[in-house]
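Chemist: Here the working numbering is used: position 133 in the sequence shown is 114, and no number is missing along the way. All C-beta atoms in this analysis are idealised placements derived from N, C-alpha and C, irrespective of residue type, glycine included. Okay, handing you the structure first.
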Amino acid sequence: MFSLFGLLGLTAITTATPTAQSHSPSHDCTSLPHPHLPGAEILSVTGTELINFTVPAVPPLLNENITDINVCAVTVTLTHIDTTHTDTQPNDTVTIQIWLPLKSHSQWSSRFIGVGGSAWAAGIPPLTIAPYAAHRGFAAAATDAGLTPGPDGDILDPSPWALNSEGSINEVLLENFASRSVHDLAVVGKAVTEAYYGRPAEYAYWEGCSTGGRQGLVTAQRYPGDFDGIVAGAPAGYWTWYVMAELWPQVVMNEEGYYPNKCEWDAVRGDVVEVCDGLDGVVDGVVGDLGACEKVYRPERTLPGKRVVCEEDGTEVVLSERLARMAESIWKGPKTESGSPLWYGLTLGAPLDSLAGTVAVNESSTDRIGAPFPVARDWTRFWVTQNPSFDFSTLDSAGLRDLFAQSVAKFEAVIDSSEPDLSRFHQAGGKLLVWHGEADHIIFPQDSIRYHQEVQKAAGSKKSVDEFFRLFVAPGVDHCALGSIDGAGPTDALAAVIDWVEKDKAPRELPAATLATAKNQFTRKLCAYPLVARYDGKGDPAKAESYNCVAQSTCAQVEWAAE
């Protein structure tokens, strides 16, 4: 879900130069005062100095150890004084962690950053804040929003907090997860930062991907003065729509009565890449021109009868016409009863096995059944239907349309972050950078393109939008650049936003690179949408300098809008 891809490249970020401002008395790490947060009671504030501390790697959230950490680690607990909800449960207990570079080490850059979460987690400290605070000089904060993870800290399991004991929705914690916790983090985190250093942060930033990207859009839309610059990767902005669309591949398999294994789905994706790889002028294992691929690729022509040897067990499978038909349906996405698009489908070249997941019926059986993606599964069970035993094995197109309607009607105003009017954020001087992998296998990249188009409509012109919002689409990159497939993800999106905020240097392109584990190693430049990077035909195709940002000759099918 959330990857720290790019965060470890932040060493290029320089320390901000403080401007003249009023100073207040600073406090020791162990004697910080309680911050003020309207609508909440601060229960405790504790601070501990960590010297030469290490946070061990936990891939894929943190891919290498963070060592030599010297910070004041502050934990703030609070509860909301809530009179707006009807829950019978006691109020929440929220924990916010803030790591402050020690004053004695003179490491603070005068910047504050809030770091987002993943899946059902509003934040994952200290893993997500350590890289910023340890060697990059940020005062960094993350919140758990009062949410209790599943067994062993499983962020894909919301069952401990989704419903109250009598089975009703826990409205307080849903609001925390949806929006409120982001603002709490900003207010509390900046107040603690000022109390420790005796002066406020010069600049405040946000970075996150997936749920963290959605949180970034939330703060731009609902709390436009909280952050000067926001990096929102693969944002789950149209939550009530896209999560339901994640179930579409399961519906396709149910209606076909066939549940392919991972090997078959990987073979489908491999066939797409084989046909479309070179359409952008470079053979690199990536679908670099999605629009051209959509025009030429026809699975019924190349898949049926194709023999593939599975890497996992060496068995050979023969791909079928039925598999080709299912893949085509998955790519087209769910439809309304009249046949119009209901939401988007996976893009050509994106892995299919996450949303079209299947498992063996039992250890001794070759028969398989559907395995819905956990976020879609649990959103349906705990919130849309409030039925933890909801059976997906019989879900069909009509049933999915009904779930869509319920999801949007009940929760769009609560959790979606798709408001296109960003005028308040613009007026506050905020800068928003959204990036999205074009082969995202969890959250559809069409969502981010759609949102950019809607913001442009609301603002009246692309020129106006370019002043505060830039979108970058990364060909061949999966969800949050986790690296399940090759593709060059952004290496320093935050550095680009910092230059935009502090130097008024708007990003026209972003440096990008494949992960060290990628089969094909290369660098690229990501171009501000709608421009795309194209090979100049002369230089080394593995190097970013051999590419230019140009207008698209073909456009992927993302222009329609579900109503």
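Alpha carbon to alpha carbon, what distance is there between E227 and V342?
Modeler: Here residue 342 is taken as the residue at index 361 of the sequence shown, counted from 1. Here residue 227 is taken as the residue at index 246 of the sequence shown, counted from 1. Roughly 22 Å between the two C-alpha positions.
Chemist: When you compare the CB positions of A420 and T328, do they come within less than 9 Å of one another, or not?
Modeler: Mapped onto the sequence shown, residue 420 falls at position 439. Mapped onto the sequence shown, residue 328 falls at position 347. Yes. Within cutoff.
Chemist: Across which residues does DSSP place E22 in a beta bridge pair?
Modeler: Counting from one through the sequence shown, the residue named residue 22 turns up at place 41. DSSP output for E22 lists T60 as bridge partner(s).
Chemist: Need the endpoints of the beta strand (DSSP E) that L81 sits in, please.
Modeler: The residue labelled residue 81 in the question sits at position 100 within the sequence shown. Looking at the DSSP string, the run of the beta strand (DSSP E) that includes L81 is 75 to 82.
Chemist: Span of the beta strand (DSSP E) holding V290?
Modeler: Your numbering for residue 290 matches position 309 in the sequence shown. Looking at the DSSP string, the run of the beta strand (DSSP E) that includes V290 is 288 to 290.
Chemist: Taking C-alpha atoms, which residue in V233, G411, T498, K171 lies nearest to D556?
Modeler: It is not possible to answer for residue 556, since the shown part of the chain is limited to -18 through 544.
Chemist: According to DSSP, is F363 helix, strand or coil?
Modeler: By one-based count along the sequence shown, residue 363 stands at place 382. F363 falls in the helix class under three-state DSSP.
Chemist: Work out the CA separation of G189 and G(-10) for me, nearest whole Å.
Modeler: Taking the first residue of the sequence shown as 1, we reach residue -10 at position 9. Taking the first residue of the sequence shown as 1, we reach residue 189 at position 208. Unreliable positioning characterises G(-10) in this predicted model, as indicated by a pLDDT of 40, which lies under 50. The coordinate reading is nonetheless provided below. Roughly 15 Å separates the two Cα atoms.
Chemist: Does I150 come out as helix, strand or coil in the three-state DSSP assignment?
Modeler: Counting from one through the sequence shown, the residue named residue 150 turns up at place 169. Residue state, collapsed to three classes: strand.
Chemist: Is the beta carbon of T504 less than 9 Å from the beta carbon of A477?
Modeler: By 1-based counting over the sequence shown, the position of residue 504 is 523. By 1-based counting over the sequence shown, the position of residue 477 is 496. Their beta carbons are not under 9 Å apart, which means T504 does not touch A477 by this criterion.
Chemist: Give me the DSSP bridge partner(s) of Y186.
Modeler: As a working note, residue 186 is residue 205 in the sequence shown. In DSSP, Y186 forms a bridge with I94, G210.
Chemist: Should N368 be labelled buried (16 or more other beta-carbon atoms within 10 Å of its own) or exposed?
Modeler: Walking along the sequence shown from the start, residue 368 turns up at place 387. Exposed is the call here.
Chemist: How about L59 and D165: are their beta carbons less than 9 Å apart?
Modeler: Taking the sequence shown and counting its residues from 1, one reaches residue 59 at position 78. Taking the sequence shown and counting its residues from 1, one reaches residue 165 at position 184. Closer than 9 Å, so yes.
Chemist: Leaving aside the five residues before and after Y184 along the sequence, list all residues of the same chain whose C-beta is less than 8 Å from its C-beta, in chain order.
Modeler: Translated into the one-based positions of the sequence shown, residue 184 becomes position 203. Excluding sequence neighbours, Y184 sits near A(-3), S91, R92, F93, D209, G210, I479, V482, E483.
Chemist: Residues in its own chain within less than 6 Å of V289 by CB, not counting five upstream and five downstream?
Modeler: In the sequence shown, residue 289 corresponds to position 308, counting from 1. Cβ within range, chain order: A248, V298.
Chemist: What whole-angstrom Cβ distance do G381 and V232 have, given they're in contact under 8 Å?
Modeler: Taking the sequence shown and counting its residues from 1, one reaches residue 381 at position 400. Taking the sequence shown and counting its residues from 1, one reaches residue 232 at position 251. With the sequence shown as reference, residue 381 is identified as Leu, and Gly is not the correct amino acid for it. Yes, they are in contact, since the Cβ atoms of L381 and V232 sit about 5 Å apart, within 8 Å.
Chemist: Would you say E528 and A514 are within 9 Å of each other, going by their C-beta atoms?
Modeler: For the purposes of this step, residue 528 is identified with residue 547 of the sequence shown, where counting begins at 1. For the purposes of this step, residue 514 is identified with residue 533 of the sequence shown, where counting begins at 1. It should be pointed out that residue 528 corresponds to Tyr in this sequence rather than to Glu. For Y528 and A514, yes; Cβs fall inside 9 Å.
Chemist: What do you reckon, are the CB atoms on L155 and A100 nearer than 9 Å?
Modeler: The residue you call residue 155 lines up with position 174 of the sequence shown. The residue you call residue 100 lines up with position 119 of the sequence shown. In this structure, A100 does not lie closer than 9 Å to L155 by Cβ.
Chemist: Which full runs of the beta strand (DSSP E) of 3+ residues lie inside the region 450 to 477, going along the chain?
Modeler: Whole beta strand (DSSP E) segments, 3+ residues: 450 to 455.
Chemist: Are the beta-carbon atoms belonging to L452 and H433 less than 9 Å from one another?
Modeler: If you number the sequence shown from 1, residue 452 lands on position 471. If you number the sequence shown from 1, residue 433 lands on position 452. Yes, these two residues count as a Cβ contact at 9 Å.
Chemist: Kindly list the residues whose CB is nearer than 6 Å to the CB of V163, restricted to its own chain and excluding five residues on each side of it in sequence; keep chain order.
Modeler: Residue mapping note: residue 163 aligns to position 182 of the sequence shown, counting from 1. Q196, V199, T200.
Chemist: What residue range is occupied by the uninterrupted beta strand (DSSP E) comprising E490?
Modeler: Residue mapping note: residue 490 aligns to position 509 of the sequence shown, counting from 1. Where E490 is concerned, the enclosing beta strand (DSSP E) stretches over 490 to 494.
Chemist: Decide if S442 is buried, meaning its Cβ has at least 16 other Cβ atoms within 10 Å, or exposed.
Modeler: Sequence index remark: in the sequence shown, residue 442 carries index 461 (1-based). Its Cβ having fewer than 16 others within 10 Å, S442 is exposed.
Chemist: Give me, in chain order, the residues of the same chain whose beta-carbon lies closer than 6 Å to that of K486; leave out the 5 immediate sequence neighbours on both sides.
Modeler: Residue numbering aside, residue 486 sits at position 505 when the sequence shown is read from its first letter. So the list reads D480, once near-sequence residues are dropped.
Chemist: Going by the CB atoms, is the gap between V52 and A114 shorter than 9 Å?
Modeler: Residue 114 sits at position 133 when you count from the first residue of the sequence shown. Residue 52 sits at position 71 when you count from the first residue of the sequence shown. Against a cut-off of 9 Å, the Cβ pair of V52 and A114 comes out as a contact.
Chemist: Excluding the 5 residues flanking V36 on each side, which residues of the same chain have their C-beta closer than 6 Å to its C-beta?
Modeler: Here residue 36 refers to the residue found at position 55 when the sequence shown is read from its first residue. I47, P107, A111, listed in sequence order.
Chemist: Helix or strand or just coil, what does DSSP make of S99?
Modeler: On the sequence shown, residue 99 is found 118 positions in, with the first residue counted as 1. If DSSP states are grouped into helix, strand and coil, S99 belongs with the strands.
Chemist: Taking Cβ positions, are L491 and G464 nearer each other than 9 Å?
Modeler: Locating residue 491 in the sequence shown gives position 510, where the first residue counts as 1. Locating residue 464 in the sequence shown gives position 483, where the first residue counts as 1. Going by C-beta atoms, L491 is not nearer than 9 Å to G464.
Chemist: How many angstroms separate the CA atom of Y177 from the CA atom of V26?
Modeler: The count along the sequence shown starts at 1 and reaches residue 177 at position 196. The count along the sequence shown starts at 1 and reaches residue 26 at position 45. The alpha-carbon atoms of Y177 and V26 are separated by roughly 12 Å.
Chemist: Relative to the C-alpha of V39, which residue among T109, R362, V55, A121 is closest?
Modeler: Position 58 of the sequence shown, counted from the start, is the residue given in the question as residue 39. Selected option, being the one with the closest Cα: T109.
Chemist: Find out if the Cβ-Cβ distance for the pair L260, P285 is shorter than 9 Å.
Modeler: To locate residue 260, count along the sequence shown from 1; it is residue 279. To locate residue 285, count along the sequence shown from 1; it is residue 304. No; because the gap between Cβ atoms is not below 9 Å, this pair is not in contact.
Chemist: With 16 as the cutoff for other CB atoms within 10 Å, does D372 come out buried or exposed?
Modeler: Sequence index remark: in the sequence shown, residue 372 carries index 391 (1-based). So D372 ends up on the exposed side.
Chemist: Taking just the CA atoms, how far does F450 sit from K506?
Modeler: Residue mapping note: residue 506 aligns to position 525 of the sequence shown, counting from 1. Residue mapping note: residue 450 aligns to position 469 of the sequence shown, counting from 1. Between K506 and F450, the C-alpha separation is close to 18 Å.
Chemist: Give the range of the beta strand (DSSP E) segment to which G418 is assigned.
Modeler: In the sequence shown, the residue the question calls residue 418 occupies position 437. Residues 412 to 418.
Chemist: Using CA coordinates, which residue listed in A217, I466, L403, A455 is at the minimum distance from K438?
Modeler: As a first step, residue 438 is located in the sequence shown; it is residue number 457 there, counting from the start. For the residues A217, I466, L403, A455, the minimum Cα distance to K438 belongs to L403.
Chemist: Within 10 angstroms of the Cβ of Q427, are there 16 or more other Cβ atoms? Answer buried if so, exposed if not.
Modeler: Against the sequence shown, residue 427 aligns to sequence position 446. Q427 should be labelled buried.
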